[in-house]
Amino acid sequence: MSVIIILVIVGIIVAGIFLLGFIWAVKSGQYDDMYSPSVRILFDDFNGTSDENSDESNKDSKETEKIENNTKF
Amino acid sequence: MELQKFTYDNRLTNFFIWATVGWGVVAMLVGLTAAFELIFPNMSGEISWLVFSRIRPVHTNAAIFAFVGNGFFAAIYYSMPRLLKTPMFSKAMGNIHFWGWQLIIVLAALTYPFGFSQSKEYAELIWPIDILVVLIWVVFGLNMIMTLVKRRVKHIYVAIWFYIATWVTIAVLYIVNNLAIPVTWTLSYPIYAGIQDALVQWWYGHNAVAFFLTTPILGMMYYFIPKVANRPIYSYKLSIIHFWALIFLYIWAGPHHLLYSALPDWAQALGVVFSVMLIAPSWGGMINGLLTLRGAWDKVREDPVLKMFVVGVTAYGMSTFEGPMLSLKTVNALSHFTDWTIAHVHIGTLGWNAMMNFGMIYWLIPKLFKTKLFSVKLANIHFWIATLGMLFFSIPLYFAGFTQALMWKEFTAEGFLAYPNFLETVTQILPMYYLRAFGGTLYFIGALLFVYNVWKTAAQGSFMRYESDEAAPKALPNPKESGHRKLEGRPLQFTVAALVVILIGGLVEIIPMYLVKSNIPTISAVKPYTPLELEGRDIYVAEGCYLCHSQMIRPFRNETERYGEYTKAGETVYDHPFQFGSKRTGPDLARAGVKTLPNYKPDSWHYNHMINPQKVSPESIMPQYPWLADNEIDLSVTPDKIRVMRTLGVPYPEGYEDKAVADLQAQYAEIANGLRSSGIDVGDNKEIVAMIAYLQRLGTDVYNSK
Chain A
183 MSVIIILVIV GIIVAGIFLL GFIWAVKSGQ YDDMYSPSVR ILFDDFNGTS
233 DENSDESNKD SKETEKIENN TKF
Chain B
1089 MELQKFTYDN RLTNFFIWAT VGWGVVAMLV GLTAAFELIF PNMSGEISWL
1139 VFSRIRPVHT NAAIFAFVGN GFFAAIYYSM PRLLKTPMFS KAMGNIHFWG
1189 WQLIIVLAAL TYPFGFSQSK EYAELIWPID ILVVLIWVVF GLNMIMTLVK
1239 RRVKHIYVAI WFYIATWVTI AVLYIVNNLA IPVTWTLSYP IYAGIQDALV
1289 QWWYGHNAVA FFLTTPILGM MYYFIPKVAN RPIYSYKLSI IHFWALIFLY
1339 IWAGPHHLLY SALPDWAQAL GVVFSVMLIA PSWGGMINGL LTLRGAWDKV
1389 REDPVLKMFV VGVTAYGMST FEGPMLSLKT VNALSHFTDW TIAHVHIGTL
1439 GWNAMMNFGM IYWLIPKLFK TKLFSVKLAN IHFWIATLGM LFFSIPLYFA
1489 GFTQALMWKE FTAEGFLAYP NFLETVTQIL PMYYLRAFGG TLYFIGALLF
1539 VYNVWKTAAQ GSFMRYESDE AAPKALPNPK ESGHRKLEGR PLQFTVAALV
1589 VILIGGLVEI IPMYLVKSNI PTISAVKPYT PLELEGRDIY VAEGCYLCHS
1639 QMIRPFRNET ERYGEYTKAG ETVYDHPFQF GSKRTGPDLA RAGVKTLPNY
1689 KPDSWHYNHM INPQKVSPES IMPQYPWLAD NEIDLSVTPD KIRVMRTLGV
1739 PYPEGYEDKA VADLQAQYAE IANGLRSSGI DVGDNKEIVA MIAYLQRLGT
1789 DVYNSK
């Protein structure tokens, strides 16, 4: 059953990669702010190509800008 | 700070969506065909490429890699640029990814029905296509990683972490599980044998569920549920915690597919413990998804997209509760090899995966085509039909599973098996198979409504290829952070480099050495297959017999009574690949060749049974395999097969490959003469004789030594 040893090693390598990812994430401040990222994703609706903005999307993007100015990130 | 303008290209998202829609229909249609073949076994008739055992991999692979795969690729190509405020790194790489992936799917559909299969579930692709999969996967990964490096938003939203985990883990699993030595362009033998091969396969198999059907869909959930409901995820902190917990736990859960097998007990226990622990992060995800909708349930009442997400996430919760339960040895003793497993996985695919895909596409298509959904009413009807279809599919199969398992285990007061004839336990659950086909039909009709609805939506709008956006460049680092700043983004590149080095270099060198050594049999009576048996085994693999017949007798009294001595690890050391199977639609065949056992059948029975099972046992649901009596073995490859097997540690003597064909023909003549004396005239080099030789060898080594 020596394949178990290999799988455990591979498993640990993969887990190690994830651990490095985790450490990097924590150290680089990824998790300093646990709230605003969840809100920020809601504000990216700049609809339409530059030449044909519908009324609705214009309104959307203005709103978004306003909120973005307030949230500062 | 100055804002930078850039555009998102929706082209590939759109392509992936239509690929999802199209392949989804194909996957479901093939699945439905398979469901009907189980109740009308002669549906495939003499058409070899339509037989259940050959199209079942088409169904599973299409559902997993084509339907779910293209679905989450669409999600990634849509959400990643928007989350990171940058277009995807390379359009060329995106194109290669898209067309390469579709090519792989087409190649799969062109190989499985014609008997080209490695027999490892969800990894049946033959080796040249495997290489293509790895190449395309690398292109996809590099495109994703470079997009991350070029991002304008410092924070990596949780959905993207799920995408990254998907990519890293699938790459490792896929390569490790598919290590094999080619014999021809379409045939290879895995470097692992028997129980070792089984462990690697289910380590892969379970993680395919974890990292192909779960993590990317959770990423989808974390992006699309907040977007559609227009409210942030319930707890961002919980999403981070459950992400890390999930990926650290999942990779160890594979052995729960091999409970009560010849796998060492401690490895089984490891699998069980980790599987049970998985409830916590899985339910963390489910709760987080559902609670995002707190205060928005009025929207759920109106919006078919949210309805689908709710059922999807609920189904995820159900199947991730059921999974750990099925991993408990006591439950598994009952559930394993029955339709319970099929019910379980379909709650996952029809409920979780498909509903998330449907919901996402219902939401994205109107957005991409700048219009409203063609018919909300029709989408609601689809929602209800799909939900009912899923329940009609799974609930009967739960009953089928319990019923059949209990019948297998039932003893009479005198201590004999209450249902010694396996077929009795099959006919008992046939009504459930009818209901399953009905549920599947409902679900399929729902999918057709979906196609019509999305098609009409797209037709009434006009495709918006580019969307402009603007964002500040990535924030400058703190001076004290600048050391990290330089490394930022690079750990991912290191990941890739490390993976390539480790996998291609290290493992390929080390693993075969290790394995060949440990393939030395612990049971001296176990001998390599004769050339004819080896040919028969390859046909058994190619036809997909393992999909309905296990070769793994568990150490329970009812199984040893029915099938003989339980399977030992040492008996499987020459099995490249292993053939344990995971479902008993028909009886176990691990000891099919042992003459003293109650289920032993003579050569002529096997011949007639494979040509037309219903002639032999009228109620059987096994399809016919008449082409086995027409197709011929390619003797020119036999010596190569022997040579490769020897490389893998099977002790054929040096130079045996030159004598192999003669040996094969001698054994062939013996069986053919035997058949002739029973009135069956079989020509030269027919596959069916090789198959009979293999079946009659199964499980005999241990018995003969007694």
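Line order of the protein sequences matches chains A and B.
Positions 183 to 255 (my numbering) are the ones given, in order, by the first sequence.
Positions 1089 to 1794 (my numbering) are the ones given, in order, by the second sequence.
The beta-carbon is built from N, C-alpha and C at its ideal position, and this holds for glycine as well.
Remember, predicted model here, so these are calculated numbers, not experimental data.
For residue 1320 (chain B), there is no enclosing alpha helix (DSSP H), as DSSP gives it neither H nor E. The three-state secondary structure of residue 1268 (chain B), taken from DSSP, is strand. Taking 9 Å as the Cβ-Cβ cut-off, the stretch 1240-1263 of chain B approaches chain A at 1241, 1242, 1243, 1244, 1245, 1246, 1247, 1249, 1252, 1253, 1256, 1257, 1260, 1261, given in chain order. Taking a Cβ-Cβ cut-off of 7 Å, the neighbours of residue 1324 (chain B) in chain A comprise 216, 217, 219, 220, given in sequence order.
Residue contact with chain B for residue 225 (chain A): absent (no Cβ-Cβ distance below 7 Å to any residue of chain B). Here residue 1770 (chain B) has 1695, 1717, 1760, 1763, 1764, 1776, 1777 as same chain residues with Cβ atoms under 8 Å from its own Cβ, once five neighbours each way along the sequence are excluded.
In this structure residue 1621 (chain B) is in contact with residue 1785 (chain B), their Cβ atoms being roughly 5 Å apart against a cut-off of 8 Å. For residue 1311 (chain B), the neighbours in chain A by C-beta distance under 9 Å run, in chain order, 223. The beta-bridge partner set that DSSP reports for residue 1671 (chain B) consists of B:1425. The continuous beta strand (DSSP E) containing residue 1095 (chain B) extends over residues 1092-1097.
Ranked by Cα distance from residue 1433 (chain B), the options B:1384, B:1486, B:1457 are led by B:1486. Residue-level contact by beta carbon holds for residue 185 (chain A) and chain B, with a gap shorter than 7 Å. In terms of CA proximity to residue 1255 (chain B), B:1301 leads the group B:1287, B:1301, B:1273, B:1266. In the displayed model, residue 1678 (chain B) falls within coil according to three-state DSSP, outside both helix and strand. Under the three-pair Cβ rule at 8 Å, the stretch 1452-1470 of chain B does not count as touching the stretch 1484-1504 of chain B. Note: residue 1630 (chain B) is not bridge-paired with any residue in the DSSP secondary-structure output.
Only residues of its own chain outside the window of five on either side were considered, and among them 1167, 1247 have a CB closer than 6 Å to the CB of residue 1311 (chain B), listed in chain order. For residue 1672 (chain B), the closest of B:1212, B:1124, B:1634 by C-alpha to C-alpha distance is B:1634. Less than 7 Å separates the beta-carbon of residue 1610 (chain B) from that of residue 1658 (chain B). Residue pairing for residue 1722 (chain B): DSSP places it in no beta bridge.
With contacts defined as CB atoms closer than 7 Å, residue 1692 (chain B) and residue 1701 (chain B) fail to qualify as a contacting pair. With contacts defined as CB atoms closer than 7 Å, residue 1346 (chain B) and residue 1286 (chain B) qualify as a contacting pair. Close CB contacts of residue 1443 (chain B) within its chain, under the 6 Å cut and outside five residues either way in sequence, are with 1396, 1399, 1400 (chain order).
The beta carbons of residue 1350 (chain B) and residue 1279 (chain B) sit no closer together than 7 Å. Apart from sequence neighbours up to five positions away, the residues of its chain that approach residue 1545 (chain B) with a beta-carbon distance below 8 Å are 1453, 1454, 1457, 1459, 1460, 1461, 1462, ordered along the chain. With respect to residue 1368 (chain B), residue 1624 (chain B) sits apart: the two C-beta atoms are not nearer than 7 Å. C-alpha of residue 1122 (chain B) to C-alpha of residue 1239 (chain B): approximately 45 Å in a straight line. Residue 1191 (chain B) carries a helical assignment under DSSP once its states are collapsed to helix, strand and coil. The C-alpha of residue 1712 (chain B) lies about 22 Å from the C-alpha of residue 1427 (chain B).
Judged by beta-carbon spacing, residue 1262 (chain B) lies beyond the 7 Å limit of residue 1169 (chain B), meaning their Cβ atoms are not closer than that value. Counting along the chain, residue 1769 (chain B) sits inside no alpha helix (DSSP H), nor does DSSP assign it H or E at all.
Closest option to residue 1358 (chain B), judged by alpha-carbon separation, among B:1337, B:1370, B:1374: B:1337. For chain A, none of the residues of the stretch 1369-1399 of chain B brings a beta carbon within less than 7 Å of one of its beta carbons. Those residues of the stretch 1445-1479 of chain B placed with their C-beta closer than 9 Å to a C-beta in chain A are 1455, 1458, ordered along the chain. Not a single CB atom of chain B sits nearer than 7 Å to the CB of residue 208 (chain A). The Cβ of residue 198 (chain A) sits no closer than 7 Å to any Cβ of chain B.
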